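Trainee: Structure incoming, see below.
Protein chains: 2
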Amino acid sequence: MADAAGPRNDEAIPDATVARLPIYLRGLVELSDDGVGTVSSVVLASLAGVNAANVRKDMSYLHADGTRGVGYDVDHLIGEISLVLGGGVPSPVVIVGVGNLGRALSRYDGFVAGGFPVAGLVDADPAVVGRRVAGNVVRSVEDLGALVAETGCTVGIVATPASAAQAAVDSLVASGVTSILNFAPTVVTVPERVDLRQVDLATELQILGYHQHHRAVEARSGRATG
Amino acid sequence: MADAAGPRNDEAIPDATVARLPIYLRGLVELSDDGVGTVSSVVLASLAGVNAANVRKDMSYLHADGTRGVGYDVDHLIGEISLVLGGGVPSPVVIVGVGNLGRALSRYDGFVAGGFPVAGLVDADPAVVGRRVAGNVVRSVEDLGALVAETGCTVGIVATPASAAQAAVDSLVASGVTSILNFAPTVVTVPERVDLRQVDLATELQILGYHQHHRAVEARSGRATG
DNA sequence: AATGCCATGTGAAATGGTGCACAAGCGCCT
DNA sequence: AGGCGCTTGTGCACCATTTCACATGGCATT
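Here the protein sequences line up with chains E and L, keeping their order.
Heads up: the first sequence begins at 0 in numbering that gives the first Met the number 0, then just goes up one per residue.
Heads up: the second sequence begins at 0 in numbering that gives the first Met the number 0, then just goes up one per residue.
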């Protein structure tokens, strides 16, 4: 019953809204650092680069408690969004694959700031195992289960080559990790209970390439049509 | 009129479809390497992790020329998708910001393979300028305009700290770059004619964090409800 | 040449998300 | 105490996307 006094909106927050919450959070923290106490949906919208009505609708899924005529309390919103995005408790992550990308990710400040400290690194290459990277000793991928158990990691980052990605994912799943961020440029599959997100660097450029090419073709045909 | 004999579907390909084309392309290249000549929408769908009807609808925006009862010609599809995604011509890219992430990106094989060779690196830090990274000498951000003009880059990657991102974007735009991929964790604005995509590493983890937390809360309340 | 099998291509319904427009409500100022 | 201006919260319509279901049509086999 004491528990039931908590959030009522745990029911469901649309994916599109969840994807925007971290953006809001960044803007709000900045405002808070500047000593700003309240913010309107219009201002927050411009900070996040979205529509103001969209902000208000997003906030309606949280316990935003905005006051009409005034706006939202910045610190309160920070608290609510932080709570929704992981309960306010830091989640240590383990990175599989210590190549170029893995090393860069292990040193990426934003992870720590976002509540995701790097708790360990593993790699399949014996030449890399044992080396110190960004304050962590690289361990063998065979130790993954032990590492996850020791550190209580529930989030894994895959930064292996594409050919090793599915095996890395399988190892993470077997170790009990329930959220995986995959940077390898390949489609991987996970059990339904595991949450997977894909970040595909080359794909992003190719999408840009489409629009670029499309613009060029259109401009040319526009000229030719005259 | 001779021009009109070309693609008729230049009109518009939905964004959601464009975002899937690189995924299809990867799977198709793999099939081609394995000597597979034709592919059905069902197989391609499983390779890309999407619905088969979705594949067929996507293909209908291209000159897929699938044959009923057989499927699509793999090499033909590769050609069509490559054409749509940038005209088949490689687009050199320039990377702004040679920190951890910038270095990793400059060495990332996938860019070259995807038709986006790194043509140059720039940084604002004089201590970094002049150093050699991944076969490129880092140049000053002040040389950006010249570098873009020399190499004909039309795509820029921003890998600076958040505080320098907007300035980096502005410089790229001023240099004539028309497509920008921003890795800095901040919202940046560009003129309407410039295409911008945002890749936010920490945000991706935070989104995973929501689902993780949500699962935990649900499991707890599920138990409590009993 | 005819028939059966199989996969494409597509109309239409369902879904999810966005943005407008406006009613409701809070605080400040008089 | 009352009224005014400002901002939230939300019903509704629009748009994009996904998915189903099925008609269409080519290929192989007989």
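Positions of the beta carbon are idealized from the N, C-alpha and C atoms, including for glycine.
Model, not experiment: these values are computed from the prediction.
#1: When you compare the CB positions of Thr150 (chain E) and Gly119 (chain E), do they come within less than 7 Å of one another, or not?
#2: Is the CB of Asp122 (chain E) under 7 Å away from at least one CB in chain L?
#3: How about Val189 (chain L) and Leu195 (chain L): are their beta carbons less than 7 Å apart?
#4: Any Cβ of chain L within less than 7 Å of the Cβ of Asp194 (chain E)?
#5: With a threshold of 7 Å on Cβ separation, who are the neighbours of Ile77 (chain L) within its own chain once the five nearest residues in sequence on each side are excluded?
#6: Determine the direct distance from the alpha carbon of Val172 (chain E) to that of Pro123 (chain E), and round the result to whole angstroms.
#7: Does Thr16 (chain L) come within less than 7 Å of chain E when only Cβ atoms are used?
#8: Please classify Gly225 (chain L) as buried or exposed, where buried requires at least 16 other C-beta atoms within 10 Å of its C-beta.
#9: Just to confirm, are Thr37 (chain E) and Gly65 (chain E) a CB contact at a threshold of 7 Å?
#10: Ile156 (chain L): which of E:Leu207, E:Asp14, E:Leu46 and E:Gly34 sits nearest, CA to CA?
#11: Might you give, ordered along the chain, the residues of its own chain that have their beta carbon closer than 7 Å to the beta carbon of Ser90 (chain L), omitting 5 neighbours on each side?
#12: So is Tyr23 (chain E) in contact with chain L if we call contact Cβ pairs under 7 Å?
#13: Would DSSP call Tyr209 (chain L) helix, strand or coil?
#14: Leaving aside the five residues before and after Ser40 (chain L) along the sequence, list all residues of the same chain whose C-beta is less than 8 Å from its C-beta, in chain order.
#15: Rank L:Val93, L:Val147, L:Ala183 and L:Val176 by C-alpha distance to the C-alpha of Ala163 (chain L) and give the top, closest one.
#16: Report back the beta-carbon spacing between Leu143 (chain E) and Ser170 (chain E) to the nearest angstrom; my notes put them in contact at under 8 Å.
#17: If you measure from the beta carbon of Ser170 (chain E) to each beta carbon in chain L, is any gap under 7 Å?
#18: What does DSSP give as the partner residues of Ser139 (chain L) in its beta bridges?
#19: Along chain L, in chain order, which residues have C-beta atoms closer than 7 Å to that of Gly175 (chain E)?
#20: Of the residues E:Gly109, E:Ala44, E:Ala63 and E:Glu10, which one's Cα is nearest the Cα of Leu204 (chain L)?
#21: Using only alpha-carbon positions, find the residue among E:Leu20, E:Val92 and E:Val88 that is nearest to Ser174 (chain E).
#22: Between which two residues does the beta strand (DSSP E) holding Leu195 (chain L) run?
#23: Using the rule of at least 16 other Cβ atoms within 10 Å of the residue's Cβ for burial, across every protein chain shown, is Arg138 (chain L) buried or exposed?
#24: Closer than 8 Å by beta-carbon distance: list the chain E residues that pair up with Gln211 (chain L), in chain order.
#25: For Val42 (chain E) and Glu141 (chain E), what's the separation of their Cα atoms in angstroms?
#26: Do Ser105 (chain E) and Val132 (chain E) have their CB atoms nearer than 7 Å?
#27: Flag Thr150 (chain E) as yes if its beta-carbon sits less than 7 Å from any beta-carbon of chain L, otherwise no.
#28: Below 8 Å on C-beta distance, what does Val198 (chain E) contact in chain L?
#29: Using three-state DSSP, classify Leu180 (chain L) as helix, strand or coil.
#30: One question on the structure: do Ala47 (chain L) and Ile22 (chain L) come within less than 7 Å of each other, judged by their Cβ atoms?
#31: Taking 7 Å as the threshold (C-beta atoms), are Ala161 (chain E) and Thr177 (chain E) in contact?
#32: Measure the alpha-carbon distance for Val286 (chain L) versus Val73 (chain E) and round it to whole angstroms.
#33: Leaving out five residues before and five after Gly87 (chain E) in sequence, what residues of the same chain have Cβ atoms less than 7 Å from its Cβ?
#34: To the nearest angstrom, report how far apart Ala215 (chain L) and Tyr209 (chain L) are at their CA atoms.
#35: In this structure, does DSSP put Val189 (chain E) in helix, strand or coil?
#36: Give the secondary structure of Tyr71 (chain E) by DSSP, where H, G and I count as helix, E and B as strand, and everything else as coil.
Mentor: In terms of the structure at hand:
#1: Residue numbering aside, residue 150 (chain E) sits at position 151 when the first sequence is read from its first letter. Residue numbering aside, residue 119 (chain E) sits at position 120 when the first sequence is read from its first letter. If you check the CB distance, Thr150 (chain E) and Gly119 (chain E) come in under 7 Å.
#2: The residue given as residue 122 (chain E) occupies position 123 in the first sequence. Chain L, which has no Cβ nearer than 7 Å to the Cβ of Asp122 (chain E), makes this no.
#3: Mapped onto the second sequence, residue 189 (chain L) falls at position 190. Mapped onto the second sequence, residue 195 (chain L) falls at position 196. Contact: yes.
#4: Within the first sequence, residue 194 (chain E) is the residue found at index 195, counting from 1. Yes, because at least one Cβ of chain L sits closer than 7 Å to the Cβ of Asp194 (chain E).
#5: Stepping through the second sequence from its first residue, residue 77 (chain L) is reached at position 78. Result list for Ile77 (chain L): Leu24, Leu27, Val28 and Ser31, in chain order.
#6: Taking the first residue of the first sequence as position 1, residue 123 (chain E) is located at position 124. Taking the first residue of the first sequence as position 1, residue 172 (chain E) is located at position 173. It is worth fixing the name first, because residue 123 (chain E) is Ala in this sequence and not Pro. Their backbone Cα atoms lie some 17 Å apart in a straight line.
#7: By one-based count along the second sequence, residue 16 (chain L) stands at place 17. So no, Thr16 (chain L) is outside the interface.
#8: Within the second sequence, the letter at position 226 stands for residue 225 (chain L). Caution applies to Gly225 (chain L), whose pLDDT of 39 falls short of 50 and renders its modelled position unreliable; the model cannot decide the point.
#9: Position 38 of the first sequence, counting from 1, holds the residue named residue 37 (chain E). Position 66 of the first sequence, counting from 1, holds the residue named residue 65 (chain E). Thr37 (chain E) is not a Cβ neighbour of Gly65 (chain E), given a cutoff of 7 Å.
#10: On the second sequence, position 157 is the one that residue 156 (chain L) refers to. The candidate whose alpha carbon is nearest that of Ile156 (chain L) is E:Leu207.
#11: Here the question's residue 90 (chain L) lines up with position 91 in the second sequence. Cβ neighbours of Ser90 (chain L) beyond the five flanking positions: Gly114, Phe115, Thr153 and Val154.
#12: Position 24 of the first sequence, counted from the first residue, corresponds to residue 23 (chain E). No, no contact with chain L.
#13: Residue mapping note: residue 209 (chain L) aligns to position 210 of the second sequence, counting from 1. If DSSP states are grouped into helix, strand and coil, Tyr209 (chain L) belongs with the helices.
#14: Counted from its first residue, the second sequence places residue 40 (chain L) at position 41. So the qualifying residues of the chain are Ala51, Ala52, Val54, Arg55, Met58, Gly65, Gly70 and Tyr71.
#15: On the second sequence, position 164 is the one that residue 163 (chain L) refers to. Per the Cα distances, L:Ala183.
#16: Along the first sequence, read from residue 1 onward, the residue named residue 143 (chain E) stands at position 144. Along the first sequence, read from residue 1 onward, the residue named residue 170 (chain E) stands at position 171. Between Ser170 (chain E) and Leu143 (chain E) the Cβ distance is about 5 Å, and since that is below 8 Å, they are a contact.
#17: The count along the first sequence starts at 1 and reaches residue 170 (chain E) at position 171. False, the Cβ-Cβ gap to chain L never drops below 7 Å.
#18: Along the second sequence, one-based indexing puts residue 139 (chain L) at 140. Per DSSP, L:Asp122.
#19: As a first step, residue 175 (chain E) must be located in the first sequence, where it is residue number 176. Correct list: empty, because the minimum Cβ distance to chain L is about 12 Å.
#20: Numbered from 1 along the second sequence, position 205 holds the residue referred to as residue 204 (chain L). Residue E:Gly109 is the option with its Cα nearest to Leu204 (chain L).
#21: If you number the first sequence from 1, residue 174 (chain E) lands on position 175. The candidate whose alpha carbon is nearest that of Ser174 (chain E) is E:Val92.
#22: Position 196 of the second sequence, counted from the first residue, corresponds to residue 195 (chain L). First-last of the beta strand (DSSP E) with Leu195 (chain L): Asp194 to Gln197.
#23: In the second sequence, the residue the question calls residue 138 (chain L) occupies position 139. By the neighbour-count rule (16 or more Cβ atoms within 10 Å), Arg138 (chain L) is buried.
#24: Taking the second sequence and counting its residues from 1, the one referred to as residue 211 (chain L) is at position 212. Those are Gly85, Ser90, Thr153, Val154, Thr177, Ser178 and Asp194, listed as they occur along chain E.
#25: Sequence index remark: in the first sequence, residue 42 (chain E) carries index 43 (1-based). Sequence index remark: in the first sequence, residue 141 (chain E) carries index 142 (1-based). One Cα belongs to Val42 (chain E), the other to Glu141 (chain E), and the distance between them is close to 50 Å.
#26: Along the first sequence, read from residue 1 onward, the residue named residue 105 (chain E) stands at position 106. Along the first sequence, read from residue 1 onward, the residue named residue 132 (chain E) stands at position 133. Yes; because the gap between Cβ atoms is below 7 Å, this pair is in contact.
#27: The residue given as residue 150 (chain E) occupies position 151 in the first sequence. Put simply, the CB of Thr150 (chain E) is far from chain L, with every gap to its CB atoms at 7 Å or more.
#28: Taking the first sequence and counting its residues from 1, the one referred to as residue 198 (chain E) is at position 199. Neighbours of Val198 (chain E) on chain L, chain order: Val198, Leu200 and Glu203.
#29: Position 181 of the second sequence, counting from 1, holds the residue named residue 180 (chain L). Look at Leu180 (chain L) here: in three-state DSSP terms it is strand.
#30: Start at 1 with the first residue of the second sequence, and residue 47 (chain L) comes out as number 48. Start at 1 with the first residue of the second sequence, and residue 22 (chain L) comes out as number 23. Taking a C-beta distance under 7 Å as the contact criterion, Ala47 (chain L) and Ile22 (chain L) qualify as a contact pair.
#31: Looking up residue 177 (chain E) in the first sequence gives position 178. Looking up residue 161 (chain E) in the first sequence gives position 162. No, the pair does not count as a contact, with Cβ atoms beyond the cut-off.
#32: A question about residue 286 (chain L) goes unanswered here, because the residues of chain L that appear run from 0 up to 225.
#33: The residue labelled residue 87 (chain E) in the question sits at position 88 within the first sequence. Hits under 7 Å: Ser81.
#34: Mapped onto the second sequence, residue 215 (chain L) falls at position 216. Mapped onto the second sequence, residue 209 (chain L) falls at position 210. Rounded to the nearest whole angstrom, the C-alpha separation of Ala215 (chain L) and Tyr209 (chain L) is 10 Å.
#35: In the first sequence, residue 189 (chain E) corresponds to position 190, counting from 1. Val189 (chain E): coil per DSSP, three-state reduction.
#36: In the first sequence, residue 71 (chain E) corresponds to position 72, counting from 1. When secondary structure is reduced to three states using DSSP, Tyr71 (chain E) falls in the strand class.
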